[in-house]
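Participant:
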Amino acid sequence: YQEGLIIPPVKFVKKRVIDPEITRLIRSNVRTPEVQMGDLRAQIAANNTGLKRVLELVEVYGVDVVHGAMDAIMDYSERRMREEIKLMPDGEYSAVDYMESILPGDGDVDIRVKITKKDDSLVFDYTGTHKQVERPVNAPLGVTVAGIYYTLISITDPTIPVNDGCFRPITLKIPHGCMMNPVRPAPVAGGNVETSQRNADVIMKAFSKIVPEKVPAAGQGTMNNITIGGLKDDGEPWTFYETIGGGSGARPDGDGVDGIHVNMTNTMNTPIETLEAYLPLEFKAYRLRPDSGGPGEYRGGCGIERIWTLTSEKATLSIMAERNKIKPWGLAGGHGGATGEYILLQGDKETKLPSKCTVTINRGDTLIIRTPGGGGYGDPKKREPALVREDILNGLVSPEAVREIYGYTESI
Numbered sequence: 006y007q008e009g010l011i012i013p014p015v016k017f018v019k020k021r022v023i024d025p026e027i028t029r030l031i032r033s034n035v036r037t038p039e040v041q042m043g044d045l046r047a048q049i050a051a052n053n054t055g056l057k058r059v060l061e062l063v064e065v066y067g068v069d070v071v072h073g074a075m076d077a078i079m080d081y082s083e084r085r086m087r088e089e090i091k092l093m094p095d096g097e098y099s100a101v102d103y104m105e106s107i108l109p110g111d112g113d114v115d116i117r118v119k120i121t122k123k124d125d126s127l128v129f130d131y132t133g134t135h136k137q138v139e140r141p142v143n144a145p146l147g148v149t150v151a152g153i154y155y156t157l158i159s160i161t162d163p164t165i166p167v168n169d170g171c172f173r174p175i176t177l178k179i180p181h182g183c184m185m186n187p188v189r190p191a192p193v194a195g196g197n198v199e200t201s202q203r204n205a206d207v208i209m210k211a212f213s214k215i216v217p218e219k220v221p222a223a224g225q226g227t228m229n230n231i232t233i234g235g236l237k238d239d240g241e242p243w244t245f246y247e248t249i250g251g252g253s254g255a256r257p258d259g260d261g262v263d264g265i266h267v268n269m270t271n272t273m274n275t276p277i278e279t280l281e282a283y284l285p286l287e288f289k290a291y292r293l294r295p296d297s298g299g300p301g302e303y304r305g306g307c308g309i310e311r312i313w314t315l316t317s318e319k320a321t322l323s324i325m326a327e328r329n330k331i332k333p334w335g336l337a338g339g340h341g342g343a344t345g346e347y348i349l350l351q352g353d354k355e356t357k358l359p360s361k362c363t364v365t366i367n368r369g370d371t372l373i374i375r376t377p378g379g380g381g382y383g384d385p386k387k388r389e390p391a392l393v394r395e396d397i398l399n400g401l402v403s404p405e406a407v408r409e410i411y412g413y414t415e416s417i
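When we follow our numbering, the leftmost residue of the sequence shown carries the number 6, and every step to the right adds one.
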């Protein structure tokens, strides 16, 4: 009940008119009502467009044909997915990964999954996963299931149409009351943006034992959620929420991708020039972070360094992130990627912030954000010298690292 306004399903548009009472309720509970109402109106317009397109199909082909096509495409996807699953070896494959502690005295929280493959079906069993916690990192069941679906789609034939038929071969065992299937009023604000990442990681780790040729090392494993807001010097309220990319995990046949979101979509990059034009923030740096990609025969993607200074009087800054203590794991002998860090500069004072916190900052304070790199794949000593040289020239790996970790002996 500390996670903001909770609105159950309600009828927001009645007879093609947006409900004014619900509108007033929402506007009274957000800091930038015009922005939020714009988002809601856009969603309504998208639904109306979808409805229009479906009705156009019905007008041309009739209801029975449209329904029949919907059923047929789902049946087709089920057949294709079962064929894919049949190619996997039968057996039980387990993995564990962790959410980092939030407050001093908290322990890290384990997420455990066992995948049982038999014939053309899969069972995902979360027995042994930590019980729900009194911290905002529990994941609602829908988030957990979405992560299962996402990973399955990621490692199977991309030409299979994605719909409900893909998931008919799946059985779920997710204990009621665990952090991946919590009971109200468990806090869940971070479940969608952070625990969802770890859920994908642990499932991928289990799949790496089933189809190792298709699974990369761990990516950054966090969305690096940054929320900040306050009053501009003219008294106008402002808020800004962003997520920041990092490194993706190295693949069995190639390096990871630098500076990209992993496991999460709908995360376009807003140009800093636009942000500076509308917000009291001045950006000092936005660049790739050297030596953050996990070493390996194939290097993990590098994280990002992003630095900005507040130019208004005061603001509230909140961070919700992960992988500040536990490295994104490597595979097949690859090393883990660098962990993330958040450093607040206030005059001569430098403070390393925890990955989950809310602090007040003042004019002239600077935040340094360094996001995690992806895990490496394979023995670093087997990396092609030409790739090592390229990394050095691009400033992605330091001379010290290539000598010590990669065993690179040529002159630099």
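Where is the CB? At the ideal position from N, CA and C, for every residue including glycine. Here the structure is a predicted model, which is why all the values come from computation and not from measurement.
To the nearest angstrom, report how far apart Met-185 and Glu-395 are at their CA atoms.
Facilitator: 42 Å
Participant: Tell me, please, which residues DSSP counts as bridged to Gly-251.
Facilitator: Ile-265
Participant: Name, in chain order, the residues that DSSP records as bridge partners for Lys-119.
Facilitator: In the DSSP output, where bridge partners are listed per residue, Lys-119 has Ser-99, Asp-130.
Participant: Under the three-state reduction of DSSP, which class applies to Cys-171: helix, strand or coil?
Facilitator: Residue state, collapsed to three classes: helix.
Participant: Can you tell me whether Asn-143 is buried or exposed, with buried defined as 16 or more other CB within 10 angstroms of its CB?
Facilitator: buried
Participant: Within the continuous beta strand (DSSP E) that includes Ile-158, where are the two ends?
Facilitator: That residue, Ile-158, is in no beta strand (DSSP E); its alpha helix (DSSP H) goes 146-160.
Participant: Between which two residues does the beta strand (DSSP E) harbouring Ser-323 extend?
Facilitator: 319-325
Participant: Give me, in chain order, the residues of the same chain whose beta-carbon lies closer than 6 Å to that of Asp-113; leave out the 5 immediate sequence neighbours on both sides.
Facilitator: Tyr-103, Glu-105, Ser-106
Participant: So, with DSSP's three-state summary, where would you put Phe-17?
Facilitator: coil
Participant: Can you check the stretch 20-79 for any alpha helix (DSSP H) of at least 4 residues that lies completely inside it and give the ranges in chain order?
Facilitator: As far as the stretch 20-79 is concerned, its whole alpha helix (DSSP H) runs of at least 4 residues are 25-32, 38-66.
Participant: Pull up the distance between the alpha-carbon of Gly-412 and that of Pro-221, whole angstroms please.
Facilitator: 23 Å
Participant: Excluding the 5 residues preceding and the 5 following Pro-390 in the sequence, name in chain order all residues of the same chain whose CB lies nearer than 8 Å to its CB.
Facilitator: Tyr-413, Glu-415
Participant: Looking only at its own chain, which residues have a Cβ that is under 6 Å from the Cβ of Thr-367, when we skip the five neighbours before and after it?
Facilitator: Note that residue 367 is Asn in the sequence shown, not Thr. Around Asn-367: Lys-319.
Participant: At which residues does the beta strand (DSSP E) containing Asn-367 begin and terminate?
Facilitator: 361-367
Participant: Flag this pair as touching only if the stretch 77-96 and the stretch 123-131 have three or more C-beta atom pairs under 8 Å; answer yes or no.
Facilitator: yes
Participant: Specify the secondary structure class of Asn-143 as computed by DSSP and reduced to three states.
Facilitator: Reduced to three states, the DSSP call for Asn-143 is coil.
Participant: Taking only three categories from DSSP, how would you classify Tyr-413?
Facilitator: coil
Participant: When burial is assigned at 16 or more other CB atoms within 10 Å of the CB, is Val-138 buried or exposed?
Facilitator: buried
Participant: What is the C-beta distance between Gln-202 and Thr-161, in whole angstroms, given that I count them as a contact (C-beta under 8 Å)?
Facilitator: Contact doesn't hold; Cβ gap of about 21 Å is too wide.
Participant: What are the boundary residues of the beta strand (DSSP E) that includes Ala-290?
Facilitator: 286-293
Participant: Report the residue from Pro-141, Thr-363, Gly-298, Asp-353 whose alpha carbon sits nearest the alpha carbon of Arg-375.
Facilitator: Ranked by Cα distance from Arg-375, the first of Pro-141, Thr-363, Gly-298, Asp-353 is Gly-298.
Participant: Mind checking Asp-206: buried by the 16 CB within 10 Å criterion, or exposed?
Facilitator: buried
Participant: In this structure, how does DSSP classify Pro-242 when only helix, strand and coil are distinguished?
Facilitator: strand
Participant: Run through DSSP, which three-state label would Asn-204 get?
Facilitator: helix
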